[in-house]
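For the sequence shown, the working numbering assigns the number 37 to the initial residue and increments by one for each residue that follows.
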Amino acid sequence: MRSRTPLAAVAGFALLVALWELVKLLVPADGVSVGGTRVLPRTDDAAMPHVWTVLARLGDPEVAGAAAARPVGVAVASGALFTLGLALGGLVLGGLLGVVLALVMHRVGLVERAVLPYVVASQTVPLIAIAPLVAGWGGKIAIAGWAWQPWASVMVISSYLAFFPVAVGMLRGLTSPARADVELFRAMAAGWWTTLVRLRLPAAVPHLLPAVRLAAAAAVVGAIVAEISTGTTGGIGRLIISYAQSATGDPSRMYAAILGAAVLGLVAAAAVGALDVGLRRYRGSVR
37 MRSRTPLAAV
47 AGFALLVALW
57 ELVKLLVPAD
67 GVSVGGTRVL
77 PRTDDAAMPH
87 VWTVLARLGD
97 PEVAGAAAAR
107 PVGVAVASGA
117 LFTLGLALGG
127 LVLGGLLGVV
137 LALVMHRVGL
147 VERAVLPYVV
157 ASQTVPLIAI
167 APLVAGWGGK
177 IAIAGWAWQP
187 WASVMVISSY
197 LAFFPVAVGM
207 LRGLTSPARA
217 DVELFRAMAA
227 GWWTTLVRLR
237 LPAAVPHLLP
247 AVRLAAAAAV
257 VGAIVAEIST
267 GTTGGIGRLI
277 ISYAQSATGD
287 PSRMYAAILG
297 AAVLGLVAAA
307 AVGALDVGLR
317 RYRGSVR
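1. Go to residue 74, then tell me how far its beta strand (DSSP E) extends in each direction, as first and last residue.
2. How would you write the range of the alpha helix (DSSP H) that residue 256 sits in, first residue to last?
3. List the residues that DSSP assigns as beta-bridge partners of residue 182.
4. Can you tell me where the alpha helix (DSSP H) holding residue 114 begins and where it ends?
5. Give the DSSP bridge partners of residue 97, in chain order.
6. What does residue 46 pair with, by DSSP beta-bridge criteria?
7. Would DSSP call residue 212 helix, strand or coil?
8. Ordered along the chain, which non-local residues of its own chain (more than five positions away) have a Cβ less than 6 Å from that of residue 265?
9. Spatial neighbours of residue 192 within its chain, please: C-beta separation below 6 Å, excluding the five flanking residues on both sides.
10. Please classify residue 225 as buried or exposed, where buried requires at least 16 neighbouring CB atoms within 10 angstroms.
11. In three-state terms, what does DSSP make of residue 218?
12. Taking the beta strand (DSSP E) that residue 233 belongs to, which residues open and close that run?
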């Protein structure tokens, strides 16, 4: 059963490649317009390069003619690793915040009724509007000689997107045990902490794992958007912007960076899969 997951991912990628090439084959190079409105995109090489062209571009130098220029593939891999580190950091930070918030909301009903609506509403705020604020506020922070770095803003913004699914999933999991089980623990004079550790946390695992997968994807998206919005260099987000500026002459490089961002999301999801394996014995406890 577990072997089907990577096979499904490979099959999905192959299907996406086939659809890309099929659209490029069937749709006219100038696209399709109805009444002056374009309904299908252009498919010429300047708008939709062939997949093999994008893959071949990974081996070309970033700067044509330069003797020591690094290949595009190396640049994309380096940027993806940089962004992956920030996204995983944001996932851990946001995940811890989400778990703590869920525990507090479950423990104190008044906090849940007061805070949960604002937690939901927080996700409606455009990320592109928050990023400059976080960067501006963070730039004024200096602790024991350590000055706020641009990458810290990216990590905070990434955690902002990651905490929401974890908080909601954890809260749902904490309330998932059957009433009979809860009453049994009360009859045995088990306190809140014992009930939490022995009953509610194991029952929350099947709800938490899908939430963490969603949070991992959100953390990657948040990190990429934050890099673009704050101008943080070194990551895949800034690399996409850099290559997009020369997309009119070489669009395949931009798509190579986008491909790297897609692979980055798959790697983040695979990292969460390790948590799934470690907590496998709890997956069957959903009622």
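The beta carbon of each residue, even a glycine, is placed where N, CA and C say it ideally should be.
The answer reads as follows:
1. In the sequence shown, residue 74 corresponds to position 38, counting from 1. Start and end: 73-76.
2. Residue numbering aside, residue 256 sits at position 220 when the sequence shown is read from its first letter. Per DSSP, residue 256 belongs to the alpha helix (DSSP H) from 237-266.
3. Taking the first residue of the sequence shown as 1, we reach residue 182 at position 146. Answer is 179, bridged to residue 182.
4. By 1-based counting over the sequence shown, the position of residue 114 is 78. 108-143 is the extent of the alpha helix (DSSP H) around residue 114.
5. Taking the sequence shown and counting its residues from 1, one reaches residue 97 at position 61. DSSP, once it has assigned bridges, lists 107 as partnering residue 97.
6. Here residue 46 refers to the residue found at position 10 when the sequence shown is read from its first residue. Residue 46 is not bridged to any residue.
7. Locating residue 212 in the sequence shown gives position 176, counting from the first residue. Coil.
8. For the purposes of this step, residue 265 is taken as residue 229 along the sequence shown, with counting starting at 1. Hits under 6 Å: 164 and 167.
9. On the sequence shown, position 156 is the one that residue 192 refers to. 170, listed in sequence order.
10. The residue labelled residue 225 in the question sits at position 189 within the sequence shown. Its Cβ having fewer than 16 others within 10 Å, residue 225 is exposed.
11. Position 182 of the sequence shown, counted from the first residue, corresponds to residue 218. If DSSP states are grouped into helix, strand and coil, residue 218 belongs with the helices.
12. Here the question's residue 233 lines up with position 197 in the sequence shown. Taken as a continuous stretch (DSSP letters only), residue 233 belongs to no beta strand (DSSP E), as it is neither H nor E.
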